[in-house]
Amino acid sequence: MLDLKKIRENPQEILKLLHQRNTDYQLQPILDLDTQQREKQSIKTELQARSNEIGKIIGQKMRSGVNSQSEEISRLKEEGNNVKAKLAELEPEERELKAKIDALLLELPNLPSNTTPMGKNETENIEVRRWGDEFIPDGSHILPHGEIGEKLGIIDSERAVKVAQSRFVALVGMGAALERALINFMLDRQIDAGYIEVIPPVLINSESLQGTGQLPKFAEESFKCENDDLWLTPTAEVPVTNFYRGEILEAEKLPIYHCAYTPCFRREAGSYGRDMRGLIRLHQFNKVELIKLVHPQTSGEEHEKMVNNAEAILQALKLPYRVVELCTGDIGFSAAKCYDLEVWLPNANTYREISSCSNCHDFQARRADIRFKEKGKKGTEYVHTLNGSGLAVGRTMAAILENYQQKNGTVKVPEVLQPYLKTDILGNNEY
RNA sequence: GGAGAGGUGGCCGAGCGGUUGAAGGCGCAGCACUGGAAAUGCUGUUUGGGGGUGACUUCAACGAGGGUUCGAAUCCCUCCCUCUCCGCCA
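Our numbering puts the first residue of the first sequence at 1, with every later residue one more than the last.
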């Protein structure tokens, strides 16, 4: 949520920043409503002040023995009633204006950071760096990971679709073990890097989704349990950031680092037909997420460090990747600045997103009301929140299957995973 | 699902119709005492919105929303949440 005060004080500047996202936004309706609301509020405050005053006077008189039936008190009571009648008229109007303003504010995305490169859309994202040697097929045929998985008997799409529907897969035997090994490996590494693990609820309420920015605008992206105010979490970012919703943290507690493994659920609305095969775009996938709550002054460097933490996983797995900084036209709703990690997929001969690391500044903190207080200082400040995948597990498996496949159809196990899997080769699965 | 208890400031906890934004305690900060510390004493210590350069002032908030009243943390209604016991259960 953007700061209404800043919008009021500097609408042109805010609008300019919003338009860097390459979408049209309006601030005038908010400004108009805000003027009306403030006017009503000041009248309301005056009436309330008078009403309080009357109450106090009556209280004093009655304590000092004035008869409650006396003319004096009756007159005051009558005035009190008049004030109340006016308030009764004003209050709902004022409340409605406030609600309208809030609704509009919730629809506005975050402002891009001034370091975010300008651009219309994903074609103008900027490659920051590359790591590792791309595995270029030398004439021999490279299979897509989905096919490798099916051949090895470690991915079973057909039965998953029977059990659920399309865009679901099941992992079997060494496939399941590999997924589990990846989750453990990623968590172990991030815990070593200083993140505290959380296993949060994966059914979460509407307030939480609003807190991190998925609601109200992106309701159609999540699965909802219709009988309850509960949704399937689209990413652990939501429950873990909302862990601290409505709290005032002590400044010394910052920065807070969390990592969390959860399954993630997304409708993938609007992506009909895209990435239908394999592990790339599913309704349910596993992810290890990194979440930080930090002091505003440090969020820039904390962001870079978080990206490095995610990169460390790819490096340990020896998977080639590149880091891309998203331009103003491509960053997500809540993000001010965002880096994507894209892993090399030789079959598609391209890099595919495997992690997205966002610095949300105080945007989510404002929505979720997460503040901190410095000892000895007056007042509170909003924290900055960051989140990043460390990493998307299914896509990591996809990358391993493609980058580690061998001519005989088996797949080597990355060295760092061998202790977890107790084998160095995937193949000859008896399933 | 059945029965009961309860939700008050950073925390504990009192208040159950009238200058109560809220006693008391803990914690925290400052000062005093001390060679230094502990102990002790004194003072201060919620958040958000308006207005003023400022001392300051005003409004709101005692789970949420309504109601009664001149006046509600206190009374009434609805909802939400937590806890205890019983039942069921991975």
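Glycine included, C-beta positions come from ideal geometry on N, C-alpha and C.
With 16 as the cutoff for other CB atoms within 10 Å, does Val128 come out buried or exposed?
exposed
Would you kindly check if the distance between the Cβ of Asn110 and the Cβ of Gly119 is under 8 Å?
no
Near Gln405, what residues of its chain come up, given a Cβ to Cβ distance below 6 Å and the 5 sequence neighbours on each side ignored?
Within the same chain, Cβ atoms closer than 6 Å to the Cβ of Gln405 are found at Ile148 and Val411, the five residues on either side in sequence being excluded.
To the nearest angstrom, report how far apart Arg322 and Asp3 are at their CA atoms.
35 Å
Compare the Cα-Cα distances from Glu220 to each of Glu342, Trp231 and Ala310 and report the closest residue.
It is Trp231.
What's the gap between the Cα of Gly329 and the Cα of Val288?
27 Å
I'd like the span of the alpha helix (DSSP H) that includes Ala181, first residue to last.
Met174 to Asp192
If we ignore side chains and look at the alpha-carbon of each, how far apart do Asp24 and Glu301 end up?
31 Å
Does DSSP put Ser166 in a helix, in a strand, or in coil?
coil
For Ala176, which residues from the same chain have a beta carbon less than 8 Å from its beta carbon, with the 5 sequence-adjacent residues on both sides left out?
Ile154
Can you tell me which of Leu17, Lys16, Glu311 and Ile400 puts its alpha carbon nearest to the alpha carbon of Ala193?
For Ala193, the nearest C-alpha among the options comes from Glu311.
Lys375: which of Ala251, Ile142, Glu268 and Ala49 sits nearest, CA to CA?
Ala251
Is it buried or exposed, Asp362, if we count other Cβ atoms within 10 angstroms and call 16 or more buried?
buried
Please go through the same chain and pick out, in chain order, the residues whose beta-carbon is closer than 8 Å to the beta-carbon of Leu104, but skip the five residues on each side of it.
Pro29, Ile30 and Leu33
Note down, in chain order, each residue of its chain lying with its Cβ closer than 6 Å to the Cβ of His141, except the 5 sequence neighbours on either side.
none
Output the boundary residues of the alpha helix (DSSP H) element that contains Gln12.
Here the alpha helix (DSSP H) through Gln12 covers Pro11 to His19.
For Pro263, name the three-state secondary structure that DSSP assigns.
In this structure, DSSP gives Pro263 an extended state, which the three-state scheme calls strand.
With respect to the beta strand (DSSP E) encompassing Thr385, which residues constitute its N-terminal and C-terminal limits?
His384 to Ala392
Below 7 Å CB to CB, which residues in the same chain sit around Glu93 once its five sequence neighbours on both sides are set aside?
Lys40
Quick one: grab the DSSP three-state call for Phe372.
strand
What number of angstroms, rounded off, separates the C-alpha of Glu91 from the C-alpha of Lys56?
22 Å
Quick check: what's the CA-CA separation for Pro414 versus Cys357?
24 Å
For Phe265 versus Tyr420, is the C-beta distance shorter than 8 Å?
Cβ atoms of Phe265 and Tyr420: not closer than 8 Å.
Cβ atoms of Leu187 and Glu179: under 8 Å apart, would you say?
Annotated as distal: Glu179 and Leu187, with beta-carbon spacing of 8 Å or more.
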